[in-house]
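In this note's numbering, the protein residues as written are 62 to 345.
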């Protein structure tokens with residue numbers, strides 16, 4: 062999944078093209094077939110209103126439709142793109158593609174919440190998702206029906222409950238109200254697979270499940286954790302609570318020398334990717 066703030070098609074076309082390549086070559090768990098081909102979705106904002114385009118098809122087979130959808134977004138305060146790899150057999154359907162939309166908020170998730178049904182009891186009946194909704198959609202509904210008033214507080218409180226009470230592989234999420242993009246990463250297994258990285262280009266903040274750009278040094282070590290000074294700035298490794306970190310302006314602060322820059326010196330530009338620390342809500 063990919064999130065970009067201050068999205069501009071002309072500026073970010075290359076990033077979209079290289080993210081699209083993950084549909085074929087993106088990381089998968091051992092024993093799983095290659096590819097993220099169980100549907101795709103694109104969410105963005107026009108004049109403050111969320112727009113959502115989703116498909117149950119393989120984006121490799123629907124390349125023209127995929128790129129037309131992103132190109133038609135033009136510019137957007139926030140863009141979220143998701144390529145689905147289903148954890149649930151025989152559930153490839155447009156309605157199950159990410160992102161999801163509730164009350165002008167967009168949400169995408171990587172990971173699986175196995176006992177997601179227990180969250181339904183905490184959602185008012187009139188606000189519950191359709192009966193066939195899967196874990197990610199139910200999780201989103203649970204978050205948005207939190208009694209907290211602020212959307213970031215809703216996310217933090219809801220993730221705390223899920224972490225303490227549910228069986229999950231990962232809670233990697235992107236959530237936006239069109240003004241702020243929130244990114245969260247947490248996992249119980251397969252840390253290298255459930256990765257999430259952030260970078261910046263100009264005035265845009267970028268969060269992606271894998272570093273993407275044809276102009277990046279390909280030797281980047283995927284899934285590597287940040288244990289340096291910047292990591293301590295964001296979170297306490299001994300803490301089990303979800304922390305809140307507002308990063309501004311657009312990750313403009315210099316990373317410590319302990320973090321490699323992984324930049325191609327021959328490129329016209331480079332992106333410095335850093336792992337999103339676990340258990341931290343990053344607000345772009």
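Backbone N, C-alpha and C define an ideal beta-carbon position, used for all residues, glycine too.
- Pull up the DSSP beta-bridge partners for residue 245, would you. Within the chain shown, residue 245 is the residue found at index 184, counting from 1. DSSP lists 234 and 342 as partners of residue 245.
- Query: Of the residues 180, 345 and 124, which one's Cα is nearest the Cα of residue 228?
  - Reply: Sequence index remark: in the chain shown, residue 228 carries index 167 (1-based). Ranking 180, 345 and 124 by Cα distance to residue 228 puts 180 first.
- Query: Which term fits residue 225, buried or exposed, when burial requires 16 or more other beta carbons within 10 angstroms of its beta carbon?
  - Reply: In the chain shown, residue 225 corresponds to position 164, counting from 1. With fewer than 16 Cβ atoms within 10 Å of its Cβ, residue 225 is classed as exposed.
- Excluding five sequence neighbours on each side, which residues of the same chain lie with their C-beta closer than 6 angstroms to the C-beta of residue 188? Position 127 of the chain shown, counted from the start, is the residue given in the question as residue 188. The beta carbon of residue 188 sits closer than 6 angstroms to the beta carbons of 206 from its chain, once the five residues preceding and following it are set aside; these are given in chain order.
- Using a threshold of 8 angstroms, state whether the C-beta atoms of residue 144 and residue 101 are closer than that. Here residue 144 corresponds to residue number 83 of the chain shown, with the count starting at 1. Here residue 101 corresponds to residue number 40 of the chain shown, with the count starting at 1. Their beta carbons are under 8 angstroms apart, which means residue 144 touches residue 101 by this criterion.
- Message: If distances are taken between C-alpha atoms only, which option among 254, 255 and 107 comes closest to residue 166?
- Response: Start at 1 with the first residue of the chain shown, and residue 166 comes out as number 105. Residue 107 is the option with its Cα nearest to residue 166.
- Query: beta strand (DSSP E) containing residue 222: first to last residue?
  - Reply: On the chain shown, residue 222 is found 161 positions in, with the first residue counted as 1. That residue, residue 222, is in no beta strand (DSSP E); its alpha helix (DSSP H) goes 212-226.
- Query: When you compare only the Cα positions, how much space is there between residue 62 and residue 236?
  - Reply: Sequence index remark: in the chain shown, residue 62 carries index 1 (1-based). Sequence index remark: in the chain shown, residue 236 carries index 175 (1-based). For the pair residue 62 and residue 236, the Cα-to-Cα distance works out to about 12 angstroms.
- Name the DSSP beta bridge partners of residue 136, please? Your numbering for residue 136 matches position 75 in the chain shown. Per DSSP, 69.
- According to the neighbour-count rule (16 or more other Cβ atoms, all chains shown, within 10 Å of its Cβ), is residue 271 buried or exposed? By 1-based counting over the chain shown, the position of residue 271 is 210. Under this definition residue 271 is a buried residue.
- Per-residue burial, residue 256 [other beta carbons within 10 Å of its own, 16 or more giving buried]: For this step, residue 256 is matched to residue 195 along the chain shown. Buried.
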